[in-house]
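First comes the structure, then the notes that go with it.
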Amino acid sequence: MQGTWGKNREHAFYFAALVLVISAIKMVFHVHFLLKQEGKEPFFFRHDSIKDKSMKSKGR
Numbered sequence: 050m051q052g053t054w055g056k057n058r059e060h061a062f063y064f065a066a067l068v069l070v071i072s073a074i075k076m077v078f079h080v081h082f083l084l085k086q087e088g089k090e091p092f093f094f095r096h097d098s099i100k101d102k103s104m105k106s107k108g109r
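Numbering-wise, our numbering puts 88 at position 39 of the sequence shown, and it's gapless, one number per residue.
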């Protein structure tokens, strides 16, 4: 009885992890698509602006 419960719990954990990963990927693509429609570049593709911000904050 306990052996099957342990297996089921493991399967449930993997299933939950898979669902989380898929939903995260979906969200990233959705945000990317929305920003593309507005004609803006997604923030996670603009490495230069992030570098500039960090440089400015360090300079202060």
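We treat Cβ as the ideally placed atom computed from N, Cα and C, and that holds for glycine.
Spatial distance of residue i from residue j (CA atoms)
i          : j          : result
residue 84 : residue 73 : 17 Å
residue 87 : residue 71 : 25 Å
residue 60 : residue 69 : 14 Å
residue 81 : residue 62 : 29 Å
residue 77 : residue 58 : 29 Å
residue 65 : residue 79 : 21 Å
Contacting residues, own chain, Cβ-Cβ under 7 Å from residue i (five flanking each side not counted)
i          : result
residue 75 : none
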